[in-house]
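One structure is given below, encoded as structure tokens.
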Amino acid sequence: MIIDRADVIVTSPDRNFVTLKITTSDGVTGLGDATLNGRELAVVAYLTEHVVPLLIGRDPACIEDTWQFLYRSAYWRRGPVTMAAIAAVDVALWDIKAKVAGLPLYQLLGGASRTGLLTYGHASGKDLEELFDSVRDHQEQGYKAIRVQTGVPGLTSIYGIASNATFDANSGVRYDHEPAQRGALPNEEDWDTRSYLRHVPTVFEAVRNEFGPEIPLLHDGHHRMTPIQAARLGKSLEPYDLFWLEDVTPAENPEALRLVRQHTTTPLAIGEIFNTVWDYQQIIREQLIDYVRSAVTHTGGITHLKRVLEYASQYQIKSGMHGPTDISPVGMAAAMHLGLAIHNFGIQEYMKHGARTDEVFEQSFTFEGGMLHPGEKPGIGVELNEQAAAAHPYAQAYLPYNRLADGTVHDW
Ligand code: GCO
Ligand code: MG
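In case it helps, our numbering puts the sequence shown at residues 44 to 455.
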């Protein structure tokens with residue numbers, strides 16, 4: 044059996060997705076997610092121009108060898124575009140291998156280590172009333188763990204606040220909590236760290252008072268603080284017992300977390316924009332984090348993320364795989380198989396996709412009682428309805444960016 048063809052399919056049902064479909068000479072197909080939010084077409088070009096021609100004629104069973112070949116033969120290593128492209132190939136080949144074996148992928152990764160995956164959803168509100176409604180709504184949907192994002196007085200638009208009320212993916216209005224917006228230019232948002240640091244602890248106090256001590260609560264700082272500001276936030280949130288505080292400082296400087304760690308016992312998560320084990324080397328070895336945020340889609344696939352998580356397991360660091368709407372159902376399913384199999388699973392982020400996306404990607408994973416399960420279909424359990432996909436052509440969309448009051452561009 045050889046790889047006969049590989050097609051890159053771009054579709055935009057509720058948002059843009061890039062999918063690689065590999066077909067073998069025996070007619071077995073495998074899917075991989077290569078979606079890189081706001082930079083989708085760079086990965087399309089990387090795959091179409093430089094990877095697909097190298098795949099034709101190869102043995103689809105040689106997953107590790109293909110991974111090493113694509114990674115090392117490029118000479119130019121790492122980076123989000125390269126690692127998303129390699130991830131798509133890797134997941135598609137695992138999908139094929141599991142289909143050929145007639146097993147759900149998690150069986151090939153060691154079998155189930157648990158009955159389901161604890162999942163967190165995104166509650167948000169510009170004020171407490173809206174936020175409490177959103178938390179209740181998520182509890183009604185079954186979520187047992189909830190991320191809390193809040194508006195900040197004085198700031199008009201801010202990361203993580205859903206716009207459910209005006210949801211219409213085709214009008215350019217945001218898709219639920221999806222930060223990317225269709226259009227030719229990125230949206231500008233405003234930011235003020237001092238206002239944020241003052242306000243956030245009051246919100247967590249109110250949420251704990253309303254919903255009690257049991258429910259695991261999470262929060263995402265989205266890379267906006269300096270190390271000492273992040274240390275202060277972690278410290279001020281200690282009374283509210285967070286499951287984790289995410290991305291407190293920009294990801295490029297891992298040493299920043301040393302300082303944060305010295306000041307707070309609030310658990311720390313980072314890594315959604317990391318893409319290799321080398322990005323994690325220091326922070327895992329020095330035990331500066333508690334959760335690895337990488338997605339299968341952005342970290343070289345199952346093969347490479349499994350390596351990261353095995354390394355993390357030596358230090359009692361757990362998985363917290365990235366699962367926003369910009370990870371396609373293919374990428375989500377791959378994460379679920381990996382999460383079910385590894386020992387050091389922590390939690391899985393899950394933002395539901397829209398109805399159009401669910402029509403394009405036929406899924407066999409389930410979400411019940413706050414727990415995800417990848418299902419028992421051979422492979423990863425997701426198929427692409429290509430006819431439905433073709434009805435939604437690529438639409439340019441960008442993530443927003445931040446400016447401070449004086450006009451300075453800030454981390455978003
Ligand atoms: C999260 C992330 C996302 C990112 C998005 C960017 O924790 O889910 O921070 O909301 O902003 O994936 O494309
Ligand atoms: Mg995040």
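The beta carbon of each residue, even a glycine, is placed where N, CA and C say it ideally should be. Values in this document were obtained by computation on a predicted structure and should not be read as measured data.
Here the alpha carbon of Tyr202 sits roughly 10 Å from the alpha carbon of Trp234.
Straight through space, the alpha carbons of Asp290 and Thr451 are spaced by roughly 21 Å. The segment 157–176 makes no contact with the segment 424–442; the number of CB pairs closer than 8 Å stays below 3. At a Cβ-Cβ threshold of 8 Å, Thr67 and Pro103 count as neighbours.
For the pair Asp333 and Lys361, the CB atoms are nearer than the 8 Å cut-off. At a Cβ-Cβ threshold of 8 Å, Gly75 and Ala130 count as neighbours. Short note on Leu415: C-beta not closer than 7 Å to any heavy atom of the ligand GCO.
Ranking Thr54, Phe408 and Ile99 by CA distance to the CA of Asp369 puts Thr54 first. Between the segment 189–203 and the segment 162–181 there are three or more C-beta pairs closer than 8 Å, enough to call the two in contact. Here the alpha carbon of Ile327 sits roughly 8 Å from the alpha carbon of Tyr354. Cβ-Cβ distances below 8 Å link Leu228 to Tyr441 in the same chain, with the five nearest sequence neighbours on each side left out; the list follows chain order. Within the DSSP bridge table, the entry for Gln359 names no partner. Secondary structure note for Gln430: its alpha helix (DSSP H) is the uninterrupted segment Glu429 to Ala433.
Phe408: not part of any alpha helix (DSSP H); DSSP gives it neither H nor E. Assignment of Arg48 by DSSP, reduced to helix, strand and coil, places it in the strand class. DSSP, read as helix, strand or coil, puts Glu298 in coil.
Under a 10 Å Cβ-count criterion, Pro256 is classified as exposed, with fewer than 16 other Cβ atoms of the shown protein chains found around its own Cβ. Residue pairing by DSSP places Trp287 opposite Leu261 in a beta bridge. The DSSP-derived three-state label of Ile189 is strand. Residue pairing by DSSP leaves Leu84 without any beta bridge partner.
With 16 or more other Cβ atoms from the protein chains shown falling within 10 Å of its own Cβ, Ile390 counts as buried. Between Val195 and Ser156, the beta carbon gap of about 40 Å keeps them out of contact (Cβ cut-off 8 Å). Not one heavy atom of the ligand GCO falls within 7 Å of the beta-carbon of Leu260.
In chain order, Ser371, Pro372, Val373, Val425 and Leu427 place their CB closer than 7 Å to the CB of Phe404, counting only its own chain and leaving out the 5 sequence neighbours on each side. The beta carbons of Arg101 and Thr109 sit about 6 Å from each other, so the pair counts as a contact at 8 Å. Looking at the DSSP output, Ile313 bridges to Val335. Excluding five sequence positions before and after Ser200, the CB atoms of its chain that fall closer than 6 Å to its own CB belong to Glu232, given in chain order.
In this structure, the beta-carbon distance from Thr400 to Pro56 falls below 8 Å.
Shortest Cα-Cα distance from Leu280 to any of Ile316, Val246 and Lys349 involves Val246. Rounded to the nearest whole angstrom, the C-alpha separation of Ile345 and Asp449 is 44 Å. For Phe254, the enclosing alpha helix (DSSP H) stretches over residues Thr236 to Phe254. Of all alpha-carbon atoms in Trp137, Thr125 and Gly397, the one lying nearest the alpha-carbon of Arg58 is that of Gly397. The ligand MG never approaches Asp322 closely enough for any of its heavy atoms to be under 7 Å from the residue's Cβ. DSSP places His341 in the coil class of the three-state scheme, outside both helix and strand. Taking the Cβ atoms as the reference, Met364 lies roughly 7 Å from Ser337, within the contact range of under 8 Å.
Closest option to Val303, judged by alpha-carbon separation, among Ile271, Glu329, Val320 and Gln357: Ile271.
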